[in-house]
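*Asks:* Shown below is the structure under consideration.
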Amino acid sequence: MMSRLLQSRGLAQIIALLVILAVDRAVSPQFFDLRMQDGRLFGSLIDVLNRGAPVALLALGMVLVIATRGIDLSVGAVMAISGAIAASLADTHGLPLALAAALGAGLLCGLWNGFLVAVLGIQPIVATLILMVAGRGVAQLITEGRIVTFTAPDLVWLGNGAVLGVPAPVVVVLGMLIVTGAVVRGSALGLLIEATGGNARASELAGIGTRGMILAVYVWCGLCAALAGVIAAADIMGADANNAGLWLELDAILAVVIGGTSLFGGRFSLVLAMVGALIIQAMNTGILLSGYPPEFNLVVKAAVVLVVLLLQSPRFANVGVVLGRARQ
Amino acid sequence: MNASSDPRPALLEVRGLSKSFGTLRALQEVDFTLRAGEIHALLGENGAGKSTLIKAVTGVFPRDAGMVRLGGAEVAPRSAKAAVDAGIATVYQEVNLLLNLSVAQNLYLGRQPTRFGLVREAEMRRCAAALLAEFDLHIDVAEPLGNYSVAVQHITAIARAVDQSARVLILDEPTASLDRHEVEILFAVMRKLAQRGIGVIFVTHFLDQVYEICDRITVLRNGRLIGERTTAELPRIELIRMMLGRELAETTSERTAAHARPVGEICARFEDYGKGGYVAPFNLALRRGEVVGLAGLLGSGRTETARLVFGAERADSGSATVEGKPVRLQSPRDAVAHGFGYCPEERKTEGIIADLTVRENIVLALQAKRGLAKPLSRSEQEGIAMRFIRLLDIRPPEPERPIGLLSGGNQQKVLLARWLATAPRLLVLDEPTRGIDVGAHAEIIRLIRDLCDDGLALLVISSELDEIVTYSDRVIVLRDRAHVDELEGDAIDVSNILAAIAVAGSAGAKAGQP
């Protein structure tokens, strides 16, 4: 019974999200309260969506990379780079140029990772580790070691504005989700990515250009990370090269894995990766609201990860079957 | 080493050994006898059960039935280590040693000479040098093993095994990556071991080497024992017949049906096509409605030819033309664009994508051919999948089932469907009936014939000679990675193919190693 339930795709994640939201409600009775203020919705639930936006964007790129049986550890560093660029240019050159430069940098970073993985054949975890380490240094060079602040209102709006009451970062995530979904599922890309991740050799022998596709997913991942970096910078009206996006690559990977995409590649779900990002943020917010010290966050996160991974492991499912039989 | 009248005692006796993996019976009541001081070849094509036999004897797999006696006492090792402790050591083709450690450390890993808990490096090196000197190998044992050739690595592995009081030494394809000179060195070591009374089991697919060094031969086919013979009394053609042939009487009547077909014009031609160190340049013309069979022993260049034709390996000589126009086949993608298809021998690792559904597996090549921008809609995909599920009778007829859950025969049909959906002009099938049960086997052969009647050109590789004879219009015989003979029309029968392989074999000693 339990295993049947878990097999229907996405149910486990949605139940997990509901359980965590219910726990949040228990520790903070006002959790679901919403109020409108200055044309923007406020409330803990909105907070979860808003704070979760950068990780959701990262997860959107990461899920495609992981589906090809890769991984991108550099997304946090790419966030720092793009945030630094956007913050440095916003006041002097205007939003369009700042945005273009920041996203262009993300594209280049993705191209670099994709080149290392797809063309040179370096293991993804090592290839992207290079940029993970070097990227933060690049970001610090751009900001010259300072925290660069800006006041350009249009860039600030990206972090703090709202469309019909919905915070701008949430709108950006929704937009990117729709674009990514349209590109991936509207074309044959999704199927070919899943085939490549499932069995790269067989896919190549079936005539799929696996190289170009792997390159493309790293580029997309870099672009998503750059956008996340811009939003994170816009949110605090400044770029901190030391801390922007720090460890967020791990949250993004976690969101993807919680969303049911295996690190061994193959089947992936964009929407469930978003749910994964929400689960993580709902936990973070819940712990903050509960008044426990934030250090708890890490322990709770670890416990949730363990549970999710156990539920996904085939060996654990076997244990469940055996236990089920024993009960009969 | 007079093996014919053999007074030597049996050292290792295997009796009635059986092993199944799921429904596949990998070994069926196999007997095997190794005498002290003999070098005994264990032969058979892929899937014959050689590796399974070795692994069942050395405890890598538990065995289902049967027993193993070593020097008269029953042994039942539970792991490879237990087998070594009992006196049965195995050296695999891929040497299981640590290339970053020194030769001496490799020889004594886990049993280093110590004093007060400290490793006595100097003592260890002295012993290592002395040990290797017994095999006429004089090298600096302090150097990392990785700095030496594969032959030295093999001898190190053998020396380690022998030093751990091995009485039976199993060598699994030790010469596959050695050159002629290195093979000589290894053979000298093997002879020396045999003189000491150690029994050596030699697994290989180089028949010249078998005749050079082995006293006795055991042949397996499809998990069964075909026979044990003395090398001196077994002509090469008879050996090949044991390895490949089945009952000849079965097949003669079927042959007539195959070559009555009219054959169309040439659709793909390869001239002086080859790759250095992979397969020698060959000429190959493929006509519409014709089945060309590739026959030869394992490692003769059959699969290599197929991979070159399909662009999975890049040729470094010669030219290819499709429908009269010169083409470059740099990748499978190019080949697919020119209307080629390829069902590889390794169905699980190179064919199916286990997690994806039958529908997705079927449309994959067609989708790749159409490109990203022209996705097949879900209903188009379902239409294609259902058409081929019905046409090829794929069971169960559920397009949404992950292909990994289907039987081998049905997986093979799905792969055929994947290529048929692209409406190819040439289909290359590498061992299309491998690991498939008897019923599905006949069906696949019927499908091959039907496809050909529809005007498709087929290039088919098979170890089953009677199968090749049944459907081929032309048979190309390979040996030592070269195309050596071609049979056509009435000349195609099992004995002619066997003769071509064997004749080529005795003349081919000059070719040496690949």
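From first to last, the protein sequence lines are chains A and B.
So the numbering used here is basically just the index in the first sequence, starting at one, shifted up by 1231.
So the numbering used here is basically just the index in the second sequence, starting at one, shifted up by 2.
The C-beta atom is built at its ideal place from N, Cα and C for all residues, glycine as well.
Can you name the residues of chain A whose CB is closer than 7 Å to the CB of B/E352?
*Replies:* Locating residue 352 of chain B in the second sequence gives position 350, counting from the first residue. Those within 7 Å of B/E352 in chain A are R1432, A1433, L1436.
*Asks:* What did DSSP end up calling B/S255 once you bin it into helix, strand or coil?
*Replies:* As a position in the second sequence, residue 255 of chain B is number 253, starting the count at 1. For B/S255, the pLDDT reaches just 40, beneath the cut-off of 50, and the residue's location in the model is therefore unreliable, although a value from the coordinates is still provided. Helix at B/S255.
*Asks:* Report back the beta-carbon spacing between A/W1451 and A/G1283 to the nearest angstrom; my notes put them in contact at under 8 Å.
*Replies:* Locating residue 1451 of chain A in the first sequence gives position 220, where the first residue counts as 1. Locating residue 1283 of chain A in the first sequence gives position 52, where the first residue counts as 1. Rounded, the Cβ-Cβ distance is 20 Å, inconsistent with contact.
*Asks:* Using a Cβ-Cβ cut-off of 8 Å (strictly less than) and excluding sequence neighbours within five positions of A/Q1244, which residues of its own chain qualify?
*Replies:* On the first sequence, residue 1244 of chain A is found 13 positions in, with the first residue counted as 1. Result list for A/Q1244: I1489, G1490, G1491, L1503, V1506, G1507, I1510, in chain order.
*Asks:* Please determine if the segment 16-30 of chain B and the segment 40-47 of chain B are in contact, where contact requires at least 3 C-beta pairs separated by less than 8 Å.
*Replies:* The segment 16-30 of chain B, when compared against the segment 40-47 of chain B, does not touch it at the 8 Å Cβ threshold.
*Asks:* Using a beta-carbon distance cut-off of less than 8 Å, what residues from the segment 1410-1426 of chain A approach chain B?
*Replies:* Result list: G1417, S1418, A1419, L1420, L1422, L1423, E1425, A1426.
*Asks:* So with CB distances below 8 Å, who are the chain A contacts of B/D357?
*Replies:* Indexing the second sequence from 1 puts residue 357 of chain B at position 355. Ordered by position in chain A, the residues that pass the 8 Å Cβ test against B/D357 are E1425, G1429, G1497, R1498.
*Asks:* Can you confirm whether A/G1440, when its beta carbon is compared against all beta carbons of chain B, has any partner nearer than 9 Å?
*Replies:* Mapped onto the first sequence, residue 1440 of chain A falls at position 209. Yes - at least one Cβ of chain B is within 9 Å of the one on A/G1440.
*Asks:* Can you tell me which of B/A78, B/V93, B/D456, B/R238 puts its alpha carbon nearest to the alpha carbon of B/E292?
*Replies:* Taking the first residue of the second sequence as position 1, residue 292 of chain B is located at position 290. Comparing Cα positions, the closest option is B/D456.
*Asks:* Distance, Cα to Cα, A/D1303 vs A/T1359?
*Replies:* Against the first sequence, residue 1303 of chain A aligns to sequence position 72. Against the first sequence, residue 1359 of chain A aligns to sequence position 128. Taking the straight line from one Cα to the other gives about 6 Å.
*Asks:* Consult DSSP for B/M69 and reduce its assignment to one of helix, strand or coil.
*Replies:* As a working note, residue 69 of chain B is residue 67 in the second sequence. It is a strand residue.
*Asks:* Looking only at C-alpha atoms, which of B/R127, B/A78, B/L407, B/V294 sits nearest to B/L431?
*Replies:* Taking the second sequence and counting its residues from 1, one reaches residue 431 of chain B at position 429. Of the listed residues, the one whose Cα sits closest to B/L431 is B/V294.
*Asks:* Could you tell me which residues DSSP pairs with B/G61 in its beta bridges?
*Replies:* Position 59 of the second sequence holds residue 61 of chain B. Answer by DSSP bridge pairing: none, since B/G61 is not bridged.
*Asks:* Start and end of the alpha helix (DSSP H) containing B/F34?
*Replies:* Taking the second sequence and counting its residues from 1, one reaches residue 34 of chain B at position 32. Run containing B/F34: none in the alpha helix (DSSP H); it sits in the beta strand (DSSP E), 26-37.
*Asks:* Do the segment 1324-1332 of chain A and the segment 1371-1391 of chain A touch if we need at least three Cβ pairs shorter than 8 Å?
*Replies:* Flag = yes, the segment 1324-1332 of chain A and the segment 1371-1391 of chain A touch.
*Asks:* What residues of chain A sit near B/Y344, judged by a beta carbon separation below 8 Å?
*Replies:* Here residue 344 of chain B corresponds to residue number 342 of the second sequence, with the count starting at 1. Within chain A, the residues near B/Y344 are L1436.
*Asks:* DSSP on B/L195, reduced to helix/strand/coil?
*Replies:* Taking the second sequence and counting its residues from 1, one reaches residue 195 of chain B at position 193. DSSP places B/L195 in helix when its eight states are reduced to three.
*Asks:* Is B/A5 close to chain A, meaning its C-beta is less than 9 Å from at least one C-beta of that chain?
*Replies:* Your numbering for residue 5 of chain B matches position 3 in the second sequence. Because B/A5 carries a pLDDT of 42, less than 50, the predicted location of this residue cannot be relied on, and no value is offered for it.
*Asks:* So with Cβ pairs under 9 Å, would you call A/R1235 a contact of chain B?
*Replies:* The residue given as residue 1235 of chain A occupies position 4 in the first sequence. Confidence in A/R1235 is poor, its pLDDT being 49 and thus under 50, which makes the residue's placement too unreliable to answer from.
*Asks:* Tell me whether B/D487 sits in a helix, a strand or coil according to DSSP, three-state version.
*Replies:* Taking the first residue of the second sequence as 1, we reach residue 487 of chain B at position 485. Looking at B/D487 - three-state DSSP - the assignment turns out to be strand.
*Asks:* Under the DSSP definition of a beta bridge, which residues are partnered with B/Q211?
*Replies:* Locating residue 211 of chain B in the second sequence gives position 209, where the first residue counts as 1. DSSP output for B/Q211 lists no bridge partner at all.
*Asks:* Does the beta carbon of B/R372 sit closer than 9 Å to a beta carbon anywhere in chain A?
*Replies:* Residue mapping note: residue 372 of chain B aligns to position 370 of the second sequence, counting from 1. By this cut-off, B/R372 is an interface position.
*Asks:* Cα separation between B/E362 and A/G1476?
*Replies:* In the second sequence, the residue the question calls residue 362 of chain B occupies position 360. In the first sequence, the residue the question calls residue 1476 of chain A occupies position 245. Spanning the two alpha carbons is a distance of roughly 38 Å.
*Asks:* Within its chain, find whatever has a CB closer than 6 Å to the CB of B/L2; leave out the 5 residues flanking it on each side and keep chain order.
*Replies:* As displayed, chain B neither begins before 3 nor continues past 516, which places residue 2 of chain B out of reach and without an answer.
*Asks:* Please classify A/V1357: is it buried, with 16 or more other beta-carbons within 10 angstroms of its beta-carbon, or exposed?
*Replies:* Position 126 of the first sequence, counted from the start, is the residue given in the question as residue 1357 of chain A. It is exposed - the Cβ of A/V1357 has fewer than 16 other Cβ atoms within 10 Å.
*Asks:* Would you say B/S333 reaches chain A, if we count a Cβ-Cβ gap shorter than 9 Å as a contact?
*Replies:* Translated into the one-based positions of the second sequence, residue 333 of chain B becomes position 331. Judged by the 9 Å Cβ criterion, B/S333 is in contact with chain A.
*Asks:* DSSP three-state call for B/N98: helix, strand or coil?
*Replies:* Taking the second sequence and counting its residues from 1, one reaches residue 98 of chain B at position 96. Correct three-state label for B/N98: coil.
*Asks:* Please confirm if B/F312 has its CB atom under 9 Å from at least one CB of chain A.
*Replies:* To locate residue 312 of chain B, count along the second sequence from 1; it is residue 310. Yes, its Cβ sits closer than 9 Å to a Cβ of chain A.
*Asks:* Between B/G339 and chain A, is any beta-carbon pair separated by less than 9 Å?
*Replies:* Numbered from 1 along the second sequence, position 337 holds the residue referred to as residue 339 of chain B. Note that residue 339 of chain B corresponds to Ala in the displayed sequence, not to Gly. True, the Cβ-Cβ gap to chain A drops below 9 Å.
*Asks:* For A/V1254, collect the residues of the same chain with a Cβ closer than 8 Å to its Cβ; drop the 5 residues on either side in sequence, then sort them by chain order.
*Replies:* Counting from 1 along the first sequence, the entry for residue 1254 of chain A is found at position 23. Around A/V1254: G1517.
*Asks:* Output needed for B/A314: all residues of its chain with C-beta closer than 6 Å, excluding positions within five of it in sequence on either side, in chain order.
*Replies:* Stepping through the second sequence from its first residue, residue 314 of chain B is reached at position 312. So the qualifying residues of the chain are P334.
*Asks:* Please report the residue range of the beta strand (DSSP E) in which B/M388 lies.
*Replies:* The residue given as residue 388 of chain B occupies position 386 in the second sequence. Not the beta strand (DSSP E): B/M388 falls in the alpha helix (DSSP H), residues 380-393.
*Asks:* Would you mind telling me which residues of chain A sit closer than 8 Å to B/Q413, beta carbon to beta carbon, in chain order?
*Replies:* Residue numbering aside, residue 413 of chain B sits at position 411 when the second sequence is read from its first letter. In chain order: nothing, as chain A lies at least about 11 Å away.
*Asks:* Whole angstroms is fine: what's the gap from B/R182's alpha carbon to B/Q211's?
*Replies:* What you label residue 182 of chain B is simply residue 180 of the second sequence in a count that begins at 1. What you label residue 211 of chain B is simply residue 209 of the second sequence in a count that begins at 1. In a straight line, the C-alpha of B/R182 is about 10 Å away from that of B/Q211.
*Asks:* Does the ligand GTP have a heavy atom nearer than 8 Å to the CB of A/L1248?
*Replies:* The model depicted lacks the ligand GTP and carries no ligand whatsoever.
*Asks:* Of all Cβ atoms in chain A, is any one closer than 9 Å to the Cβ of B/E490?
*Replies:* Residue 490 of chain B sits at position 488 when you count from the first residue of the second sequence. No, B/E490 does not count as interfacial toward chain A.
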